[in-house]
Every structure is written in C-alpha cells, then in structure tokens.
Amino acid sequence: MLRRTLLKSLAAAFAARPAATLAQQAAAATTFSATEVETLNAIADVVLPEEIGPDARRRAVTVFVSWFTNYRQGADMGHGYGASTVRAPSGPSPFSRYPAQFSALDASATARGGQTFRALPIADRRAIVEQFLNEPQAATRLPASPTGANLIADLMGSYFTSANAWDVCYGVQILRDSCRALDNSEAAPVPIRRR
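Encoded structure:
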C-alpha cells in the first residue's frame, strides 16, 4: 500500500510540473520582446495620426501589447449586445503569426540599406508599411481585434476602433466605452484639447 501511495505522489508531482512549464511557455510565447515593442512604436509613428503626438502613439502600442498579454485561449465570450446565443470560447492567440512578420519587416529594411525597420528614416518605413499593407494580399479592413493576418493592420485596427480614436476623430469626449449616467445627457460632449 505504501508503494502505491508513493507512486501516486510521484505521478502527481510529475504531471503538475509540465503543466506549470506549459503555462509559463504560453505566457512567454505571447509577450512581445523589447525589440518588437520598439518596432511596433516605429510602425505607430508611420500609421497613427501625427496630431495625437508621440506619447499617445506609445500608449496605443502599450494597449496593443497588453491585449496579447491578457489574452486567454478558451475564455468565455458571453454573447454580443442584443444576441440571445452564447459565442464560442476564444480561440488560439494570433500572436504566433507575428514573428515571421517582424522578420520580414527587418528583411525589407536590410534590402533598403538599413539594419532594422525601426532604424530607417520615416519615409522608408512608410514605403515598407504601404508594401506590407498591399502584399501579398491587400488589407481591405482594419480588424477590431487582432487576427494575426497582418501585424500592421492589427495595430491600426487596435487604435482606430478604440474609444480614444473616436474622441480624436470628433474632437469631443464621446467616451464610447464608458458607462455614463444620464445626468447632463442633453449637453453637448466636452471638446478635447488639441495639441
């Protein structure tokens, strides 16, 4: 009986160990490296509005990176507003499709005489971004949530579908994703300050 208990304990310890390791690997596999974040910032300088300024562009990149850090495969998706059916749980993270795209950006930069994409002048980065948005298949829409199909379109979609982008677009505090009370609902939205 003692031998059976010992074997069960060893099996349980062995089974628990790989699970923790897999969880750690999954977390590491969905975290952008510092170099990749710098590349995302270099992309943001090209594709996000100049009028929002560099700090807001960095915050947009931080929000994009956080989406992946907080992503959980198999999460309950609930149901959409007004829908009576529950959506399927979340699928695998699209993060695994990005490493090849980061490499391709750097390869294009090397072909233009640069060392990395982020080290290129903004005009050269813009030309590469246009190429990547149009080849091999044109990105015809910006996804509300990252899909992995196109890193640049995913970053743009993350910003341009955000509440902050709506406020900037209309020049007022719409606060689209905020839960607001009806107090002062008849008043026009407060204008936002321009840089």
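The sequence shown runs 10 to 204 under my numbering.
For glycine and all other residues, C-beta sits at the position ideal for the given N, C-alpha and C.
Check your understanding: Would DSSP call Val181 helix, strand or coil?
Key -> In the three-state reduction of the DSSP assignment, Val181 falls in the strand class.
Practice item. Output the distance between the C-alpha atoms of Gln182 and Trp76, rounded to the nearest integer angstrom. Key: About 23 angstroms.
Review point. Along the chain, where does the alpha helix (DSSP H) that runs through Gly166 open and close?
Key: For Gly166, the enclosing alpha helix (DSSP H) covers residues Leu160 to Phe169.
Review point. Do you know how far the Cα of Ala136 is from the Cα of Asn143?
Key: Computed Cα separation, rounded: 11 angstroms.
Review point. Going by C-alpha distance, which of Gly100, Pro145, Val72 and Ser99 is nearest Ala113?
Key: Out of Gly100, Pro145, Val72 and Ser99, Pro145 has the C-alpha closest to the C-alpha of Ala113.
Check your understanding: Ala172 and Asp163: beta carbons closer than 9 angstroms?
Key -> Not a contact, by the Cβ cut-off of 9 angstroms.
Review point. Do you know how far the Cα of Leu160 is from the Cα of Phe126?
Key: Distance between the alpha carbons of Phe126 and Leu160: 14 angstroms.
Point to revise | Contact the segment 99 to 117 vs the segment 37 to 56: 3+ CB pairs below 8 angstroms | key: The answer is yes - the segment 37 to 56 touches the segment 99 to 117, with three or more Cβ pairs under 8 angstroms.
Point to revise | the segment 187 to 200 / the segment 97 to 107 touching (three or more Cβ pairs under 8 angstroms) | key: Here the segment 187 to 200 makes no contact with the segment 97 to 107; the two share fewer than three CB pairs at distances below 8 angstroms.
Check your understanding: Going by alpha carbons, who is nearest to Thr170 out of Ser154, Tyr179, Ala158 and Gly180?
Key -> Among Ser154, Tyr179, Ala158 and Gly180, the Cα nearest to that of Thr170 is on Ser154.
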